[in-house]
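Colleague: Just so you know, the sequence shown maps onto residues 1 to 1193 in full-length UniProt numbering. Heads up, the beta-carbon is just placed ideally off N, CA and C, and yes, glycines get one too.
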Amino acid sequence: MSKAGPTFIKLGQWAASRTDLFSPDLCHILGRLHSAAHPHSIRHTRRVLTSTYSDAESLDDIFEEFDDKPIGCGAIAQVYKGKLREEFIPDDWRVAHRHEDDSWIVTFITNVLNNYQNQQDTTQELITSSRHVAVKVIHPHVTELIERDLAILHCGASVLSLFPGIKWLSLPEEVAVFGELMQSQLNLSVEASNLGRFEDNFRERRGAASFPKPVFALSAKDVLVEEFEDALPLKTFLKFGGGGFEERIAGLGLDAFLNMLLIDNFAHADLHPGNIYIKFYKPTSIDLLKNVLSSLISRPRSTTDLTTNEASQEVMNALLPLAKQINKHGDDEEAVQQWTMKLRQLNEDGFQPEIVFLDTGLITELDDKNRNNFLELFQAVSHFDGYRVGQLMIERSRCPELAKDKETFALKMQHIVLGVKSKTFSLAKIRLSEVLSQVLSSVRDHHVKMEADFVNTVLSILLLEGIGRQLDPNMDLFKAAIPILRQLGKKVGTSGSYAQVDKGNLGAMLKNGVYEAGLYTPQDRAWNLNNDISPNGVPVLFIPGNAGSYKQGRSIAAELAKQYYSSYGIPNSYLESQAGAPPDFWTVDTNEELSAFHAGTIRRQAEYILAAIDYILNQYTHQNQPPESIIVVAHSMGGIVVNELFNLPEYRPGLVDLVISLSTPHAMPPTPFSRNMASLYDQRYNASVNIAVSGGSADSLLPADVTYAPIGHNSLSILSTSIPGVWAPISHQAIVWCDQLRRKLARAVLLSIDSNESTKLKPKESVLNIWQKSLTGIVYENTLNDTFDVDINASMSSGTFTAVNITRNSAAWSLGKPPPKWVTGDVAPTIRLLTDISPEPAYKEFEEGEPPITILGCKNVRPLHSCRHLSIKDSAVMPYLPRDEKWLPVRHGADEEQSLYMLDADSDTLRDDESVVVLKTNNNRKGSWMTSQFAPTNEETRVDASFARLLFSSVPLISQTSGMLALRRNYRVVNAPATSLLVYKIEAEQSPCVSTQFNKKELFQPLLKHVVESTKGLELTYHPSLNGKIMLESHLSHSPYLTSGRASNDAGLSLEIFADTFNTESCFPFQKLTIGVDILASIAKWGTRYRSALIGFALGIWCVAFRRQLKALDSSGTSENFIKSLTMVFRREMIVFSFVLVISILVSSSYSSLTLYFIGLHDIRLWFIAPLLLLASYGLLEYAFHNLQAREK
């Protein structure tokens, strides 16, 4: 076969890899053909080169050196070594120090570091270590020979396929696949293109893997010129050891291959050890710092940026002769020992391995069908579902009808997978070669014909297993695949799945084509999951945030489906009657990009989403009235992407009519390092209705004070602590799956839908009203003039009453007439009602009925005649905690049915002949008691205490002498700055009588309500167990670097206390109730809020200290110790810095534009924060340098 020519040599090599078709013994024999090629003459090589470079007078004009002896020979071509002349070096082989996409801060720091290293060189350097190249030339007459042989093979395959028992092999199709493989290798320009594509795929990855750089200008069909790699063959490491580098080399190879296979779908298909080489580089600490900064706030730099070419070349010059010696004389123990010692020394000196892949003529690129098959099979294996693996292999085979005994085949796969499960996927415990051999043996026995490129992918894993086992037997294949699989994000969820949209349609507007879109498929709908998307509802689009996954929207999507359908496939009758429609939940996969750091990324995502929206709306053209707009749910930076979407010139008004943003930094960029990021915030939303929900204090990634949305009158900005039934802060990631919140969001979305409208939404006033009711509590609009009768006799009471053990039947209580104005100070009292009958609708209840309880003015009370609703001044739904029950930590939230409902009615409109009546309607609301009173209208108590006292001590709010005269009492601590930088501590100690048997009549435990008065939005925080130590935080008040909220800064701290003081037999509820500033908690909050400023101040102090070093070097010729320079800065410049920052606060109080700079404050009472931040930055810097010195020693 080796003498039959290149076709049969390649055929033998190919057949040796098809263990699914041929026996292992035959494959082993055919494997010898890998070294069976014969070289051609140098005359043919020069003839081909001269023909290819016809414009050159001679080859010497191109190559400064050219070795006539080939360095390698294959079945198709052979390789020579040469050296290019300077003028033929491609521009992309050179690298400048400056990266075009670097942000200004990276550029600035890089310049400073370069000056520190005396590397301020503006010239460009070669990426490669030399100008040597590898020149590959096609063998003579190989094209004609291959075409002839392929015709013979095709004829033979057609004859053989006529025999029984051979048809399942599909030999003519296999010959066609083999022919395509051969044809691709005959054109070396294809290999050059493959090299360029591999280089593009791996350029921005931090893993140290590289490919030779092709010279496209000198490459053609018969000639390939590429970078010559002075590197060590991997087989040397496999045979003689890696001197401590084995695990890293194995990890680099595995990571590179999994990225090719799973992310790029463009994998090297000939990964035997002869095509893998190793070289070494040594990154300096400055290079590493540059890369870290760039990866955090700009873009990741390639491995080449970290390579020190001179040091790397010296190492390779020392290792290459040694490797040749031990490969030639393997029994030279002294040389092997030198090899091992040299590698260990490199390891100790901080050198890192870099893996180089050669010979990319053969690649595996699965089509969409086979790639989905492979990924679905990969997922089934990862879940150890062997039976499903067998089913998938049969279903996705080329000829499923020819498979024999399908049930037995699936059971065999289950047996194999369960055997794997017992050993895990650590290569030390399992031999993938044996496992896959069992699989392929079963494939042959049962005639399951797999696609060739599918099998090639499996065989690539086999080759990888062989290399991995020799280098690192403990390598865990799936553990290494997890971070890459996260990027891939197979579109399958727990309560539904995503059907992928054709990437070609949606990616057409993007140069990189990395984004995709998907449609959520709930389990309770009969959908075709084979990518047959036929949406027929209302489109809802989820946009993830910074480094976010499209799968984050599954919880909201599942909740939408759960609430819309009463049972399997049956819509909610009320929603259906109100022209409701099922929500089609679409999502965008932004490849987990870091959109928070780069304005260009946000613009790119916005352009893609605009194209995605157009595509999504085009999927509804089959409807009689297709939607013209879409509902958007955006998380984190996804909301800023939507804002940028509105600013695109191509955006059409009305394309998005409702935006729900969750923890989106609307007020300012989270990391304002890019000079273009601030421009995204200059223009605001222009959609019809915008809802912004913030997570509050539990959000450690984004301060809640930057997540409010200052966006016109058709908007609502609210914290999760203010939402009835949630009443808890929510972390940044949990806000998309928090059960209490997603229930509220799904209900409001479904109520907003009107399928009869072209926008598929109700009018914007109705939509905003729905969201206000859902997220802020029920507020009833009472008609004051219309009178009505109720066939109920009211129970008589006088002013204050309590009713317990209330049934679910209708009932009424008459409070009589309020006290006259001459008793209440010429001010009409407030009619206050508190009850545990919640107005919140039950879960999956959408129809709005009459309120469960209301306040009337009636002329006749037995029975109720000539009644009318009194005007409601205030209402609130608050968490309710009965006596002797414990409250979960506030971040856990509460059940919306366990709530306290307060109504305040205005008695000023009560007529002289009318009495106040409380009416409970006949409904199924849960509840057992209510209490009421005529309360003073002006019930606010001012607490005057200096800020210094609040800072270093505490101030009493309530004393037994002042008493609790009302169910609700308002307190305002006037000198307490309402700022997000201070955490207040309330200490409450209940009276001893509260816990006695004497006090069992108390209806609810004392409750604290923290109110932030701000035009930014609504912030309410509830503490339903006012006992012990309670922390109070403000978010929508005065915040650093924000000019909004300045007017409310002097309003002080507003608190409301609710206590049942009328049913406790005169037992005063509190023995102690004080408020003060919690210093430690406040300092911890400064660290979170000023983390970027701390780094900036530290860099500024470092620059000043470094400048002092340079001045000392100029004046005395010697550089002083950095710690000494830093100490001098502390004595001198730090005082000046502190003074400047304090002055900036004073000036900002008059000029709000200055609030954007320094520490962003305008309240002079907080001046002490400035020197403390400087001191913290100084300490951070000194600590870092002390640690660095200790490590160097």
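Suppose only complete runs of 3+ residues qualify. What are the beta strand (DSSP E) ranges in the region 624-676, listed by chain order?
Modeller: With a minimum length of 3 residues, the continuous beta strand (DSSP E) runs that stay inside the region 624-676 are 630-635, 656-662.
Colleague: Write down every uninterrupted run of the alpha helix (DSSP H) in the region 840-874 whose length is 4 residues or greater and which is fully enclosed by it, in chain order.
Modeller: Whole alpha helix (DSSP H) segments, 4+ residues: zero.
Colleague: Considering only the alpha carbon of each residue, which of 539, 591, 598 lies closest to residue 615?
Modeller: If we check each option's Cα against that of residue 615, 539 comes out closest.
Colleague: Residue 570: buried (16+ other C-beta within 10 angstroms of its C-beta) or exposed?
Modeller: By the 10 Å Cβ count, residue 570 comes out exposed.
Colleague: What's the call for residue 314, buried or exposed, on a 16-neighbour Cβ count within 10 Å?
Modeller: Under this definition residue 314 is an exposed residue.
Colleague: Would you mind stating whether residue 1098 and residue 983 have Cβ atoms separated by less than 7 Å?
Modeller: Contact flag unset, no.
Colleague: Do the CB positions of residue 630 and residue 660 come within less than 7 Å of each other?
Modeller: Against a cut-off of 7 Å, the Cβ pair of residue 660 and residue 630 comes out as no contact.
Colleague: Measure the alpha-carbon distance for residue 602 versus residue 704 and round it to whole angstroms.
Modeller: The alpha-carbon atoms of residue 602 and residue 704 are separated by roughly 21 Å.
Colleague: Using 7 Å as the threshold, is the C-beta distance between residue 740 and residue 749 below it?
Modeller: No. Outside cutoff.
Colleague: At the level of alpha carbons, what is the spacing between residue 493 and residue 375?
Modeller: Note that residue 493 scores 31 on pLDDT, short of 50, meaning its location in the model is unreliable and no value can be drawn from it.
Colleague: Select from 610, 271, 1052 the residue whose C-alpha is nearest the C-alpha of residue 974.
Modeller: It is 1052.
Colleague: Please name the residue in 1091, 958, 1158 whose C-alpha comes closest to that of residue 1143.
Modeller: With distances taken between Cα atoms, residue 1143 lies closest to 1158.
Colleague: Count the C-beta pairs between the region 843-854 and the region 874-881 that are closer than 8 Å, then say yes if the count reaches three, no if not.
Modeller: Contact fails: fewer than three Cβ-Cβ distances are below 8 Å.
Colleague: Is residue 688 closer than 7 Å to residue 732 when the C-beta atoms are compared?
Modeller: Not a contact, by the Cβ cut-off of 7 Å.
Colleague: Leaving out five residues on either side along the sequence, give the residues of the same chain with a beta carbon under 6 Å from the beta carbon of residue 116.
Modeller: Residue confidence for residue 116 is low, a pLDDT of 47 falling below 50, so the modelled location carries little weight and cannot support an answer.
Colleague: Alpha carbon to alpha carbon, what distance is there between residue 85 and residue 46?
Modeller: Those two C-alpha atoms are separated by around 18 Å.
Colleague: How big is the Cα-Cα spacing for residue 743 and residue 559?
Modeller: Their backbone Cα atoms lie some 7 Å apart in a straight line.
Colleague: Where residue 503 and residue 612 are concerned, what is the direct C-alpha to C-alpha distance, given to the nearest angstrom?
Modeller: Summary for residue 503: the model assigns pLDDT 37, below 50, so the residue's position carries little reliability; its value from the coordinates is reported in the next sentence. Distance between the alpha carbons of residue 503 and residue 612: 10 Å.
Colleague: For a quick check, are the C-beta atoms of residue 1206 and residue 1146 less than 7 Å apart?
Modeller: Outside the modelled stretch of the chain, which goes from 1 to 1193, sits residue 1206, for which no answer is possible.
Colleague: Go ahead and pull the three-state DSSP assignment for residue 812.
Modeller: Here residue 812 sits in strand by DSSP.
Colleague: In the DSSP assignment, find the unbroken beta strand (DSSP E) run with residue 970 in it and report its ends.
Modeller: From DSSP, the beta strand (DSSP E) with residue 970 extends over 968-973.
Colleague: From residue 238 to residue 471, what does the alpha carbon distance come to, in whole angstroms?
Modeller: Between residue 238 and residue 471, the C-alpha separation is close to 7 Å.
Colleague: What are the start and end residues of the alpha helix (DSSP H) that includes residue 1116?
Modeller: Looking at the DSSP string, the run of the alpha helix (DSSP H) that includes residue 1116 is 1091-1116.
Colleague: Quick one: Cα of residue 1195 to Cα of residue 678, how far?
Modeller: Nothing can be reported for residue 1195, as the shown portion of the chain is limited to 1 through 1193.
Colleague: For residue 41 and residue 71, I'd like the C-alpha separation in whole angstroms.
Modeller: Cα to Cα, residue 41 sits roughly 13 Å from residue 71.
Colleague: Residue 199 to residue 358, Cα distance in whole Å?
Modeller: Whole-angstrom Cα-Cα distance: 12 Å.
Colleague: What are the residues that DSSP puts in a beta bridge with residue 1206?
Modeller: It is not possible to answer for residue 1206, since the shown part of the chain is limited to 1 through 1193.
Colleague: Any idea what DSSP makes of residue 942, helix, strand or coil?
Modeller: Reduced to three states, the DSSP call for residue 942 is strand.
Colleague: Which of the three DSSP states, helix, strand or coil, is assigned to residue 78?
Modeller: If DSSP states are grouped into helix, strand and coil, residue 78 belongs with the strands.
Colleague: Which residue from 517, 968, 74 puts its Cα closest to that of residue 939?
Modeller: Residue 968 is the option with its Cα nearest to residue 939.
Colleague: Using three-state DSSP, classify residue 540 as helix, strand or coil.
Modeller: Strand.
Colleague: Residue 321 to residue 196, Cα distance in whole Å?
Modeller: Cα to Cα, residue 321 sits roughly 30 Å from residue 196.
Colleague: When the distance is taken between beta carbons, is residue 792 closer than 7 Å to residue 812?
Modeller: Yes, the pair counts as a contact, with Cβ atoms nearer than the cut-off.
Colleague: Please determine, among 718, 1029, 448, 337, the residue with the shortest C-alpha to C-alpha distance to residue 400.
Modeller: For residue 400, the nearest C-alpha among the options comes from 448.
Colleague: Could you tell me if residue 1107 is buried or exposed, where buried requires 16 or more neighbouring beta carbons within 10 angstroms of its beta carbon?
Modeller: Classification of residue 1107: exposed, given that the 10 Å Cβ count is below 16.
Colleague: Do the CB positions of residue 634 and residue 543 come within less than 7 Å of each other?
Modeller: In contact: residue 634 and residue 543 (Cβ atoms closer than 7 Å).
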